[in-house]
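Novice:
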Amino acid sequence: MVEKANNKILPPLTHLAIIMDGNGRWAQQRNLPRIAGHQQGVETVTHIVDDCVRRGIRFLSLYAFSSENWGRPLQEVNALMELLLQFLFSQRQKMLEVGISLRVIGDVSRLSEPVQAALADAEKVTAKGKVLTLVLALSYGGRDEIVRAARTIAEQALNGELDLEQLDNKLFSSYLDTGEIPEPDLMIRTSGEMRISNFLLWQAAYAELYFSDVLWPDFDATEMQKALDDYLQRKRRFGLTDDQLKKNSTNSAEGD
Ligand code: IPE
Ligand code: IPE
Ligand code: MG
Numbered sequence: 008m009v010e011k012a013n014n015k016i017l018p019p020l021t022h023l024a025i026i027m028d029g030n031g032r033w034a035q036q037r038n039l040p041r042i043a044g045h046q047q048g049v050e051t052v053t054h055i056v057d058d059c060v061r062r063g064i065r066f067l068s069l070y071a072f073s074s075e076n077w078g079r080p081l082q083e084v085n086a087l088m089e090l091l092l093q094f095l096f097s098q099r100q101k102m103l104e105v106g107i108s109l110r111v112i113g114d115v116s117r118l119s120e121p122v123q124a125a126l127a128d129a130e131k132v133t134a135k136g137k138v139l140t141l142v143l144a145l146s147y148g149g150r151d152e153i154v155r156a157a158r159t160i161a162e163q164a165l166n167g168e169l170d171l172e173q174l175d176n177k178l179f180s181s182y183l184d185t186g187e188i189p190e191p192d193l194m195i196r197t198s199g200e201m202r203i204s205n206f207l208l209w210q211a212a213y214a215e216l217y218f219s220d221v222l223w224p225d226f227d228a229t230e231m232q233k234a235l236d237d238y239l240q241r242k243r244r245f246g247l248t249d250d251q252l253k254k255n256s257t258n259s260a261e262g263d
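Everything in the sequence shown is counted per our numbering, starting at 8 for the first residue and increasing by one.
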């Protein structure tokens with residue numbers, strides 16, 4: 008049964024995930040260094056976070072740095088980490104005032120000590136935020152996340168902490184970095200690329216996908232509205248038939 012909508016968007020949109028792509032091309036089109044595109048991309052992040060708060064979306068996951076992005080030139084990697092530190096510093100007060108809690112997913116152990124410390128601190132001070140959970144995917148890869156979860160499960164099974172008979176989809180999910188975060192309802196990718204690039208592989212099993220041609224630095228509230236309008240037209244069946252869905256919604260309406 009679908010949970011009650013916590014906002015005015017129907018079908019309910021609790022969790023929006025975004026693959027923020029196209030910063031490099033945005034800069035290239037202007038003969039600027041790639042990092043200028045990333046800087047502009049951070050501006051977009053702050054606007055989209057505000058937009059999600061305004062719309063009452065409860066979870067926003069942003070793909071900020073993939074496990075594969077470690078392969079980029081060191082200079083670009085370092086500049087991205089610097090931008091991340093600046094972002095955490097500049098948004099701290101706002102996150103507290105608005106009620107935004109920060110969560111990080113990904114293999115944080117690969118990040119530098121100062122970045123790990125800044126993230127841990129931001130997660131800690133914002134932990135009580137109830138308005139929006141901002142999930143930052145950093146050093147994140149869906150396959151890597153699943154392998155890490157499988158490793159923990161295997162260790163716990165070997166030392167008797169976990170009974171493998173109990174292992175089902177729900178329990179497996181709880182071992183992922185996303186833990187209790189609900190699955191994404193809608194996944195947006197900008198810049199015209201039509202792939203998932205290792206983002207939330209397990210969690211997005213039934214996410215609606217939306218691809219925008221706009222480069223991330225140019226993505227704004229208008230583009231967001233287009234994505235949400237499109238989402239509103241979707242019929243989420245979760246493997247069931249239309250008849251079953253109609254019956255379920257009548258039953259749940261009667262149960263209200
Ligand atoms: C997305 O923009 C941001 C990150 C992956 C960090 P890109 O840097 O991938 O931009 P393009 O795809 O090269 O244009
Ligand atoms: C995906 O973008 C990763 C992030 C947005 C952080 P990429 O630009 O790295 O993806 P590919 O290489 O085009 O698939
Ligand atoms: Mg890209």
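Each residue gets a CB set at the ideal place from its N, CA and C atoms; glycine is no exception.
1. For ligand 2, any of its heavy atoms closer than 7 Å to the Cβ of residue 202?
2. Using a Cβ distance threshold of 8 Å, determine whether the stretch 180–189 contacts the stretch 197–216, with at least three qualifying pairs required.
3. Whole angstroms is fine: what's the gap from residue 201's alpha carbon to residue 215's?
4. Relative to ligand 1, what is the chain-ordered list of residues with a Cβ closer than 5 Å to any of its non-hydrogen atoms?
5. Buried or exposed: residue 65, going by 16 or more other Cβ atoms within 10 Å of its Cβ?
6. With DSSP as the reference, please indicate the residues paired to residue 140 in a beta bridge.
7. Expressed to the nearest angstrom, what Euclidean distance is found between the alpha-carbon atoms of residue 251 and residue 245?
8. In the DSSP assignment, find the beta strand (DSSP E) that holds residue 217 and state where it starts and stops.
9. Name the DSSP bridge partner or partners of residue 125?
10. Which same chain residues end up closer than 6 Å to residue 249 when comparing Cβ atoms and leaving out the 5 residues on each side of it in sequence?
11. By Cβ distance below 8 Å, which residues in the same chain neighbour residue 119 in space, the five residues on each side in sequence not counted?
12. If we call anything under 8 Å between Cβ atoms a contact, is residue 227 one with residue 45?
13. Taking the C-alpha atoms as reference points, what is the distance between residue 38 and residue 47?
14. For ligand 2, is there any heavy atom lying closer than 7 Å to the beta carbon of residue 73?
15. At which residue ranges does the stretch 169–199 contain complete alpha helix (DSSP H) runs of 4 or more residues, listed in the order of the chain?
16. Need the endpoints of the alpha helix (DSSP H) that residue 6 sits in, please.
17. For residue 113, I'd like the list of residues in its chain whose CB is within less than 6 Å of its CB, leaving aside the five on either flank, ordered along the chain.
18. Rounded to a whole number of angstroms, what is the C-alpha to C-alpha distance between residue 111 and residue 256?
19. How long is the line joining the alpha carbons of residue 253 and residue 59, rounded to whole angstroms?
20. With a Cβ-Cβ cutoff of 8 Å, do residue 243 and residue 205 count as a contact?
21. Tell me where the alpha helix (DSSP H) around residue 34 begins and ends.
22. With 16 other CB atoms within 10 Å as the buried threshold, where does residue 234 fall?
23. Let me check you understand the geometry: is the CB of residue 107 closer than 7 Å to at least one non-hydrogen atom of ligand 2?
24. If you count every other CB in all the chains shown that lies within 10 Å of the CB of residue 116, and 16 or more means buried, which is it?
25. Please name the residue or residues paired with residue 22 in a DSSP beta bridge.
26. Give the DSSP bridge partners of residue 145, in chain order.
Specialist: Well, looking at it:
1. yes
2. yes
3. 13 Å
4. 28, 29, 30, 31 and 32
5. buried
6. The partner list for residue 140 (beta bridge, DSSP) reads 66 and 108.
7. 11 Å
8. 215–218
9. Residue 125 is not bridged to any residue.
10. The answer is none, since no qualifying residue turns up.
11. 88
12. no
13. 14 Å
14. yes
15. 176–181
16. The question about residue 6 has no answer here: the residues shown for the chain are numbered 8 through 263.
17. Excluding sequence positions up to five before and after residue 113, its CB lies within less than 6 Å of the CB of 144, 145, 146 and 147, all in the same chain and listed in chain order.
18. 35 Å
19. Their backbone Cα atoms lie some 29 Å apart in a straight line.
20. no
21. Residues 30–36.
22. buried
23. no
24. exposed
25. 66
26. 72
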